[in-house]
Amino acid sequence: MSSDRQIDPEDTSELLQRIYVLESELEAIRLQTNVLLDIARALNASLDPKVIASNIISAIASLISIDQASVCLYNEKTQDFQVIGVFDSQTITPQIPPDLDLSFLLQVLDKGVTYYCPPENRRQDWEWICCLPLQNAQHKTGTINIHAIRQTEITSEQMRFLETVAGHATSALENALLYAIVQRESITDGLTGVYNHRYFQKRLREYISLCQRHKRSVTFGLLMIDVDNFKQFNDKYGHQFGDTVLQTIVRELLNNLREEDLIARYGGEEFVILIPEATEKIVLFISEKIRHVVEKTKVLHQATGIDVSVTISIGVTLWRSSDSPASLISRADHALYEAKTTGRNQSVFK
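For the sequence shown, the working numbering begins at 8 and goes up steadily by one.
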């Protein structure tokens, strides 16, 4: 005995409709997942924060019709923001208005929650429609900011997408900032903050290569500086005071050098300065200028209240076409030796 149950056509149609809807939703999820994977790859393809910021804005633009957007980095030490990416559909060279109050972003970071103000409440350009905090448990990294859009609102689905992008962006920027710290520490002196010996040697080779390649008559100068009687500071006042002396001298040197001049710690109490586009007159002028500045500088010894005088001796030279890095350094070193053995607190040119 058989009992054939007939299927209701309406049930079949409803079932097919549900399958179609589920397949559409699955396809949308697949597409969104692929988009997010592409965005994650793009964000992590560079260690340059400005490139990452550009990729963040491109990711936002792929989903939302934006007119104005920006990306800001937060400096936890100074508690201020640096704009690293700007988009404005009206110009190819956009800039954040100088009077825009970036302190609002700190409120967003402190709360750690996305800020959203529907655009119908917008009263002027470059307002804060949406701010997404970029942060993790350890650091406040910055914000993604949307200032103007060409659609009526940001939907809840789009907001979820933006917050996912913000998560990827936080990781990418953290990696870039960590890399920058490692790079900086690898080329700078830990005590004084100027470049270290290894970086000086690298730049010296680059200077020589550039002059040789262009075969120009203009050359560059090298100053080799030594703090006079430095051992006495350490013996009399202690090594911490010796460190203070070196830090004070570096501060004065930096304040009195040109932006293009490069200073590095050569070792111990010795420093070197590379002076591009130099002549004998220029290098001697710079040498004497910084020598006089240091001579007038007093370093306070906190324990005794004594203002300690400091002087430096300087060996000065110019690169010549026959020079190798070693011969140039040797000539500057000989000039420095002469400056120290014939009275100190002077510049000698070789």
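Glycine included, C-beta positions come from ideal geometry on N, C-alpha and C.
Residues in its own chain within less than 8 Å of M8 by CB, not counting five upstream and five downstream?
-> Low per-residue confidence applies at M8: pLDDT is 46, beneath 50, and the placement is therefore not dependable, though the value from the model is reported in the following sentence. Taken in chain order, the list of residues that qualify is empty.
If you drop the 5 nearest sequence neighbours on each side, which residues of the same chain put their C-beta closer than 6 Å to that of E345?
-> V355
Closest residue to A285 among I153, R265, E276 (Cα-Cα distance) | R265
Top-ranked residue by Cα proximity to C137, from F111, T19, R212 | F111
On the three-state DSSP scale, how would you describe L23?
-> helix
Mind listing, in chain order, the continuous alpha helix (DSSP H) runs of no fewer than 4 residues lying wholly within the region 61-132?
-> 110-118
So A176 is in the alpha helix (DSSP H); what residue range does that whole segment cover?
-> 163-194
Beta-carbon proximity check, L141 vs L185, cutoff 8 Å | no
Go ahead and label E170 buried or exposed: buried means 16 or more other beta carbons lie within 10 angstroms of its beta carbon, across all protein chains shown.
-> exposed
Rounded to the nearest angstrom, how far is the Cβ of C124 from that of W133, given a contact under 8 Å?
-> Not confirmed; about 13 Å, so no contact.
Looking at C-alpha atoms only, which residue of Y206, Q97, F168, R272 is the closest neighbour of A66?
-> F168
As assigned by DSSP and simplified to three states, the class of V252 | helix
For N263, which of I282, N152, G322, S69 has the nearest alpha-carbon?
-> I282
Q208: first and last residue of the uninterrupted alpha helix (DSSP H) it sits in | 204-221
Of the choices S328, S20, S77, whose alpha-carbon is the least far from that of R220?
-> S328
Give a yes or no on whether 8 Å exceeds the smallest Cβ distance from K243 to chain D.
-> The chain labelled as chain D is not found in the depicted structure, where only one protein chain is given.
Any idea what DSSP makes of D147, helix, strand or coil?
-> The amino acid occupying residue 147 in the given sequence is Lys; Asp does not appear at that position. Reduced to three states, the DSSP call for K147 is strand.
Proximity winner among V300, H299, T199, relative to E276 (alpha-carbon distances) | T199
Report the rounded CA-to-CA distance for V257 versus Q165, giving the unit in angstroms.
-> 52 Å
Can you tell me the Cα-Cα spacing of G274 and G249, whole angstroms?
-> 14 Å
May I ask which residues mark the beginning and end of the beta strand (DSSP E) holding K305?
-> 305-308
Check whether Y202 and A310 have beta carbons under 8 Å apart | no
Leaving aside the five residues before and after E295 along the sequence, list all residues of the same chain whose C-beta is less than 7 Å from its C-beta, in chain order.
-> S354
Could you spell out the range, first to last residue, of the alpha helix (DSSP H) harbouring I293?
-> 287-302
Run the CB neighbour count on D340, radius 10 Å, all protein chains shown included, and call it buried at 16 or more, exposed below.
-> buried
Count the C-beta pairs between the region 75-82 and the region 92-109 that are closer than 8 Å, then say yes if the count reaches three, no if not.
-> yes
Roughly how many whole angstroms lie between the Cα atoms of P126 and E30?
-> 34 Å
Whole-angstrom C-beta distance between L229 and V279, which should lie under 8 Å | 7 Å
If you count every other CB in all the chains shown that lies within 10 Å of the CB of A176, and 16 or more means buried, which is it?
-> buried
Go ahead and pull the three-state DSSP assignment for M8.
-> Below a pLDDT of 50, predicted positions are generally treated as unreliable, and M8, at 46, falls in that range; the measurement from the model is reported next regardless. Correct three-state label for M8: coil.
Looking at C-beta atoms only, is the number of pairs between the region 100-116 and the region 144-155 that lie closer than 8 Å three or more?
-> yes
With which residues is G274 paired in a DSSP beta bridge?
-> E277
Starting from the C-beta of A60, find all residues in its chain whose C-beta is less than 6 Å away, skip the five residues before and the five after it, and write them out in chain order.
-> V78, I91, G92
From Y27, G119, I336, E21, pick the residue whose C-alpha is nearest to that of F207; which is it?
-> I336
Mind checking G149: buried by the 16 CB within 10 Å criterion, or exposed?
-> buried
Where S320 falls, given that 16 or more other Cβ within 10 Å makes a residue buried | buried
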